[in-house]
Amino acid sequence: MTTLICFGFGYSAQHWVAAHGGRFDRIVGTTRTAESAADHAARHYGGREVEVLVFDGTTASAELIEAVREADAILISAPPTETGDPVLAVLGDTIAAAAQAGTLKSIVLLSTLGVYGDHGGAWVDETAELRPVGVRNRARVEQEAAWMALGARTGVPVASLRLAGIYGPGQNAIVNMEKGRAWRIVKPGQVFNRIHVVDIAQAIEAAFDKRARGAFNVADDEPTPPGDPVVFAAELLGREPPPEWPFEEAVKHLPPMAASFYAECKRAKTDKLKKELGVTLRYPTYREGLRADFAARQPA
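25 is the number that UniProt numbering gives to position 25 of the sequence shown; each next residue is one higher, with no gaps.
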C-alpha cells in the first residue's frame, strides 16, 4: 500500500490531492488543531478521504510516527518558524530512517520565490544568489538547506518548489474585489509573478513522478505590476477598479507581511520547471487564470 503524508494540509496540498491523489492508496495530512482535523475529516478531496492528524510542531503522536515510517512520499507545505523547521525538529530522525530503509522514495518541499530577496527587477533562475529579506524568508532559506541536507545524507530525492504568489478558486483578485479588500497599489518599477494553484498541483505531481532533486521556480510567464490583476478582475465583474494607491501612502496602512513583499522585486524564470519537469502551464498569465476562476463561479 502506498502512503502519502502532507505536512500542513493547506490550500495547495488540498488541490494537488484532489487532482492527483489517486496515485496513493493512503493519504495522511496534518493540521495544528483538533477542530481543523475534524473539519477536514468531513470533506472529500477529489472523491478521496484524507486521514488528518494533529501536529502542533512540538510533539508527534504515535499514529503520525507510524505513518511516517510507512510513507512512500512526503509533501512539506508547513512553513518554518524562527527556530527552524518543525517537521525536521520533531520527526527528522524518523524521516531519515524511512529514507535509508528505502521506504521513502521522494520528498517535495513547498518554498517561495522570497528566498531570492530583491534583485532590482532582474530575471532570476535557480542559480541566482539568495538574498532573503526579513526573518520569514531567511527561515525559508534555512528550511530549504536543511531538507536538502537530509536528502544528501540519505539519498532520498528532495525537490524544493519556489512558489510565486498563489491564487485560485476562492483566493484571487475577483474575490478581493467582491469583498472590498482589493488594493491597487502603485510602486514604480515593482512587479510580481503569480501562480495558479492548478499549476502548483501540476508541479508537485511532476516532482513526485520524476523523483526530482533541487530547486525549481514555479511561477507564471508574465510578471506585472501588482495592480494589473485587480484591474482585470474589475473588468470581469463589470465594475470600476479601485483608485490607485501610492505605495508611500499604502505602506502606512498595510499589514507588515503585506508591506514586506514590496521590499523585493524580481522576475522569475521557469525554464527548469518546463524542461526538467515537463510542466506546461495551464494558466501562463493571470488573465487565463482569472477568466477560469470567474467562469467557475458562475451559476450553471
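Every residue, glycine too, gets a C-beta built ideally from N, C-alpha and C. Computed from a predicted model, the values in this text were never measured in an experiment.
- Query: Could you give the residue range of the alpha helix (DSSP H) that holds residue 286?
  - Reply: 286-296
- Query: Quick one: is residue 257 buried, meaning 16 or more other Cβ sit within 10 Å of its Cβ, or exposed?
  - Reply: exposed
- Just to confirm, are residue 229 and residue 290 a CB contact at a threshold of 8 Å? yes
- Spatially closest choice to residue 251 from 244, 260 and 243, by CA coordinates: 260
- Task: Alpha carbon to alpha carbon, how far is residue 236 from residue 146? Give it in angstroms, no decimals.
- Result: 43 Å
- Message: Taking the beta carbon of residue 123 as the centre, do at least 16 other beta carbons fall within 10 Å, making it buried, or is it exposed?
- Response: exposed
- Query: For residue 301, which residues from the same chain have a beta carbon less than 6 Å from its beta carbon, with the 5 sequence-adjacent residues on both sides left out?
  - Reply: Nothing about residue 301 can be reported from this structure: the residues present for the chain run from 1 to 300 only.
- Query: Between residue 45 and the rest of its own chain, which residues show a CB-CB distance below 6 Å, the 5 nearest in sequence each way excluded?
  - Reply: 14, 17 and 18
- Message: By the three-class DSSP mapping on this structure, what secondary structure does residue 48 have?
- Response: strand
- Can you name the start and end residues of the beta strand (DSSP E) that residue 323 belongs to? Only positions 1 to 300 of the chain appear in this structure, which leaves residue 323 out of reach.
- Query: Within 10 angstroms of its Cβ, does residue 35 collect 16 or more other Cβ (buried), or is it exposed?
  - Reply: exposed
- Message: Only counting the same chain, and skipping five residues up and downstream in sequence, which positions put a Cβ closer than 8 Å to that of residue 243?
- Response: 184
- Pairwise C-alpha distance: residue 211 and residue 108: 9 Å
- Query: What does a CB cutoff of less than 7 Å around residue 189 pick up in its chain, not counting 5 residues either side in sequence?
  - Reply: 121 and 265
- Query: Looking at residue 30 and residue 70, is the spacing between their C-beta atoms short of 8 Å?
  - Reply: no
- Query: Buried or exposed: which applies to residue 59, given that a residue is buried once 16 or more other Cβ atoms fall within 10 Å of its Cβ?
  - Reply: exposed
- Message: Assess contact between the region 170-185 and the region 147-158, defined as three or more Cβ pairs (one per stretch) separated by less than 8 Å. Is contact present?
- Response: no
- Euclidean distance between Cα positions of residue 141 and residue 248: 29 Å
- Determine which residues share a DSSP beta bridge with residue 261 and list them. In DSSP, residue 261 forms no bridge with anything.
- Query: Would the beta-carbon of residue 32 fall within 8 Å of that of residue 52?
  - Reply: no
- Task: Determine the DSSP secondary structure at residue 31, reduced to helix, strand or coil.
- Result: strand
- Roughly how many angstroms lie between the CA atoms of residue 284 and residue 67, to the nearest whole one? 37 Å
- Tell me where the beta strand (DSSP E) around residue 75 begins and ends. 73-76
- Tell me whether the beta-carbon of residue 217 lies closer than 8 Å to the beta-carbon of residue 130. no
- Message: Taking 8 Å as the limit between beta carbons, can you name the residues of its chain near residue 203, skipping five residues before and five after?
- Response: 161, 216, 218, 273, 277 and 279
- Cut-off 6 Å between Cβ atoms - residues of its own chain near residue 80, not counting five sequence neighbours on either side: 139 and 143
- Message: My assumption, with CB atoms under 8 Å, is that residue 99 sits in contact with residue 47. Please give the rounded CB distance.
- Response: Actually they are not in contact, since the Cβ atoms of residue 99 and residue 47 sit about 30 Å apart, beyond 8 Å.
- Closest Cα partner of residue 178 within the set 239, 105, 84 and 271: 239
- Query: CB-CB under 8 Å to residue 12, same chain, minus the five flanking residues each way: which ones, in chain order?
  - Reply: 77, 110, 163, 166, 197, 200, 201 and 204
- Item | DSSP-derived helix/strand/coil call for residue 283 | coil
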